[in-house]
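Numbering (this note's numbering), first residue to last: 25 to 581.
Here the structure is laid out as structure tokens; the discussion comes afterwards.
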Amino acid sequence: MRLRALLDTDALGLKLLGGEDELDRTVRGVMTTDLRDPSRYLAGGELVLTGLAWRRDADDSEPFVRILVQAGVTALAAGEAELGDVPEDLVVACARHRLPLFAVHESVAFATITEHVVRQVSGERAGDLAAVVDRHRRMMTSGPAGGGPDVVLDLLGTDLDLRAWVLSPTGRPIAGSKAAGPALPAQACARLAGEHLAATRTGRRGPHRVALGATTYSLFPVRSTGRSPQPARDVRETVLSDWLLAVEADAGDWPEERLDLLYGVTQLIAVERDRRDAARTVRRRLAQEVLELVQTGAAPAEIAARLRVAAPVLLPGLGAAPHWQVVVARVDWDGEEIEGGPVAQALLEEVLVDPAAAGPEHSDRIAVAHTGGEAIALVPLPAVSAEHDGSETGVLADALLASVREPLTAGLNDDGRLTLGVSAAVHSAEGLRGALEEARHARRVAAARPGRVCAAGHQELASHVLLLPFVPDDVRRAFTARLLDPLRDYDRRHRAELIPTLEAFLDCDGSWTRCATRLHLHVNTLRYRVGRIEQLTSRDLSRLEDKLDFFLALRMS
25 MRLRALLDTD
35 ALGLKLLGGE
45 DELDRTVRGV
55 MTTDLRDPSR
65 YLAGGELVLT
75 GLAWRRDADD
85 SEPFVRILVQ
95 AGVTALAAGE
105 AELGDVPEDL
115 VVACARHRLP
125 LFAVHESVAF
135 ATITEHVVRQ
145 VSGERAGDLA
155 AVVDRHRRMM
165 TSGPAGGGPD
175 VVLDLLGTDL
185 DLRAWVLSPT
195 GRPIAGSKAA
205 GPALPAQACA
215 RLAGEHLAAT
225 RTGRRGPHRV
235 ALGATTYSLF
245 PVRSTGRSPQ
255 PARDVRETVL
265 SDWLLAVEAD
275 AGDWPEERLD
285 LLYGVTQLIA
295 VERDRRDAAR
305 TVRRRLAQEV
315 LELVQTGAAP
325 AEIAARLRVA
335 APVLLPGLGA
345 APHWQVVVAR
355 VDWDGEEIEG
365 GPVAQALLEE
375 VLVDPAAAGP
385 EHSDRIAVAH
395 TGGEAIALVP
405 LPAVSAEHDG
415 SETGVLADAL
425 LASVREPLTA
435 GLNDDGRLTL
445 GVSAAVHSAE
455 GLRGALEEAR
465 HARRVAAARP
475 GRVCAAGHQE
485 LASHVLLLPF
495 VPDDVRRAFT
505 ARLLDPLRDY
515 DRRHRAELIP
525 TLEAFLDCDG
535 SWTRCATRLH
545 LHVNTLRYRV
555 GRIEQLTSRD
565 LSRLEDKLDF
575 FLALRMS
């Protein structure tokens with residue numbers, strides 16, 4: 025049972041004096057003591073009751089509390105019958121060691137509290153084993169059809185006092201029990217998902233235990249063979265698409281019966297995942313049909329007809345044909361031939377969901393097909409986006425992977441890559457073929473960059489940035505070294521800041537006045553530095569060709 029439940033039981037006469045942030049701690053037993061050092065009788069997890077007879081003066085509180093904390097005690101409850109109010113020195117010592125402290129009203133006997141705790145804790149321990157079969161039956165009858173993963177997680181909370189969440193492979197919350205309280209922070213979700221993916225790639229058996237600060241989580245994979253006629257031959261076929269169950273508890277010392285119960289929960293959640301995947305069939309089929317029409321060169325009128333069918337399905341109640349963006353993704357693995365299309369499809373459906381949106385149904389407005397090794401998404405944009413040309417209100421390549429990069433990099437390990445390309449928004453069927461080619465080309469630009477998870481957008485296809493990723497590494501190194509190494513060496517020896525001066529000068533389009541103002545320099549000092557740059561490199565910054573060479577060298581470095 026949790027401390028919070030004790031505090032909420034009026035008959036126990038407990039008043040919280042400190043440790044409000046620690047009320048979710050679990051009580052595993054109870055002990056009454058007035059020994060100055062009761063450590064030999066403590067096993068950890070107890071609520072310690074004391075009448076304060078051990079305290080002779082204020083200096084006794086600190087060592088007593090330290091002994092309790094070292095023994096792993098959950099909380100301390102001090103009776104008011106002996107001294108009246110609980111001494112302030114005990115309150116301060118408990119606060120210093122983050123040990124929750126309660127005052128017990130003088131009208132409440134310690135035996136009353138002991139009986140209540142023993143009854144609750146013993147009942148839970150017995151129920152863990154005796155009611156496993158009953159819980160399985162209840163979960164099967166109250167599972168997906170009765171409210172989805174939330175119902176199953178609520179049973180974990182009410183029956184076993186477990187806080188639990190279902191997370192996507194990117195760390196997006198899918199479901200959480202009411203007992204779980206406030207939502208997990210996004211950073212914690214991403215960490216848990218990343219740790220789970222990394223552990224899965226190593227082949228370690230679950231549950232995987234992860235400590236975030238002072239809290240331990242046990243991570244259970246949610247796997248299903250229902251989505252494919254054949255089970256996965258390689259963990260890489262499913263690692264980036266499976267959900268996980270995160271439980272706030274250390275499952276390392278759980279009995280087999282309790283572990284079996286949690287694995288049964290993951291099976292129920294997997295059934296729900298399969299049902300959600302089946303519900304996407306219509307959207308996936310729409311995307312596949314539009315894609316085939318576009319790639320086979322069908323007439324724009326035929327493509328437009330299919331888009332009119334797709335729009336009400338993806339944006340019900342829209343009332344007008346939307347604009348569309350195309351996103352292309354590939355998942356590639358080193359060495360072996362692993363079909364990446366289905367994984368990229370499931371992953372793209374997840375990545376395109378707003379990371380702030382909890383729940384499993386937000387991909388209803390995304391249609392994703394896969395062909396060969398790539399996945400292709402049709403992302404509808406409301407017609408009101410037309411005035412912005414979709415560039416500000418649609419999918420942005422820079423922001424697309426920001427919240428999912430950490431967990432996905434862990435899942436890709438050192439042998440996989442995810443690359444995405446994003447097109448501009450188009451407002452007609454005629455533009456869809458060009459948008460597809462644009463997204464594919466942007467993805468190739470992303471693939472030329474370093475890193476396990478990369479994306480590029482249509483904006484990058486209209487500048488020098490398009491060319492730079494395709495310059496061979498040895499050419500890049502030689503070119504930048506020839507131009508910039510003399511300046512770096514000089515800066516290192518003289519602290520002259522020639523490189524920052526060069527960057528500012530080019531950024532100011534060669535304007536002496538603006539550059540001097542930006543660098544807070546006198547114009548003569550700026551002219552001296554630029555002259556030194558020209559002398560060290562044998563270049564002339566008044567010539568366009570030399571300015572361009574310096575510009576590219578700085579970009580490639």
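We put the CB at the ideal spot given by N, CA and C, even for glycine.
- Straight-line measurement puts the Cα of LEU123 at about 21 Å from the Cα of HIS140.
- Annotation: ALA393 to LEU444 spans about 14 Å, alpha carbon to alpha carbon.
- Counted as a single uninterrupted DSSP element, the stretch harbouring CYS532 is not any beta strand (DSSP E), since DSSP gives it neither H nor E.
- Rounded to whole angstroms, the gap between the alpha carbons of LEU568 and PHE529 is 13 Å.
- Assignment of beta-bridge partners to PRO404 by DSSP yields TRP348.
- The alpha carbon of VAL352 has as its nearest neighbour, out of TYR552, GLN369, PRO346, PRO336, the alpha carbon of GLN369.
- One Cα belongs to MET580, the other to ALA472, and the distance between them is close to 13 Å.
- Under DSSP, LEU71 takes part in a beta bridge, and its partners are VAL54, ALA99.
- Taking a contact to require three or more Cβ pairs closer than 8 Å, the segment 504–513 and the segment 570–577 qualify as touching.
- The alpha carbon of LEU264 has as its nearest neighbour, out of THR433, LEU243, ALA329, the alpha carbon of THR433.
- With contact defined as three or more Cβ pairs closer than 8 Å, the segment 315–325 and the segment 441–456 are in contact.
- Residue pairing for CYS478: DSSP places it in a beta bridge opposite THR443.
- If you draw a straight line from the Cα of ASP284 to the Cα of GLN94, it comes to about 33 Å.
- Distances from the alpha-carbon of GLN559 to those of HIS232, THR290, GLU104, LEU511 put LEU511 closest.
- Residues of the same chain with a CB within less than 8 Å of the CB of ARG233, apart from the 5 flanking positions on each side, are THR240, TYR241, SER242, LEU243, ASP274, ALA275, GLY276 in chain order.
- Secondary structure within the segment 523–575: not one fully enclosed beta strand (DSSP E) run of 3 or more consecutive residues is present.
- For the options ASP531, ILE557, PRO496, the alpha carbon positioned closest to that of TYR514 is the one of ILE557.
- One thing to note: ALA480 has its Cβ within 9 Å of the Cβ of ALA421.
- One Cα belongs to THR182, the other to GLU462, and the distance between them is close to 52 Å.
- Judged by their CB atoms, LEU221 and GLY435 are nearer to each other than the 9 Å cut-off.
- Of the candidates TRP78, VAL110, ASP58, the residue whose Cα lies closest to the Cα of LEU41 is VAL110.
- For ARG49, there is no enclosing beta strand (DSSP E), as DSSP marks it with neither H nor E.
- Its Cα nearest to that of ARG282, the residue LEU184 stands out among VAL403, TRP78, LEU184.
- Look at PRO231 here: in three-state DSSP terms it is coil, with no helix or strand label.
- Distance from the CA of HIS465 to the CA of GLU363, rounded to the nearest whole angstrom, comes to 21 Å.
- A distance below 6 Å between beta-carbons, with the five flanking residues on each side excluded, links GLY96 to the following residues of its chain, in chain order: GLY68.
- 9 Å or more divides the Cβ of ARG247 from the Cβ of THR194.
- For the options ARG516, LEU268, ALA117, ARG143, the alpha carbon positioned closest to that of ARG297 is the one of LEU268.
- Around the beta carbon of PRO336, a 10 Å sphere encloses fewer than 16 other beta carbons of the protein chains shown; the residue is thus reported as exposed.
- Taking 9 Å as the cut-off, the beta carbon of LEU76 is found closer than this to the beta carbon of LEU114.
- Annotation for VAL190: the continuous beta strand (DSSP E) segment containing it runs 188–191.
- Considering only VAL190, CYS213, PHE126, the residue with the shortest C-alpha distance to VAL428 is CYS213.
- Distance from the CA atom of ARG49 to the CA atom of GLU272, rounded to whole angstroms, is 11 Å.
- When C-alpha distances from GLY43 are compared across CYS118, PRO524, THR549, ARG64, the shortest belongs to CYS118.
- Taking each of HIS546, ARG551, ASP81, LEU442 in turn and checking the Cα distance to GLY534, the smallest one comes out for ARG551.
- Counting along the chain, no alpha helix (DSSP H) covers LEU107, and no H or E run does either.
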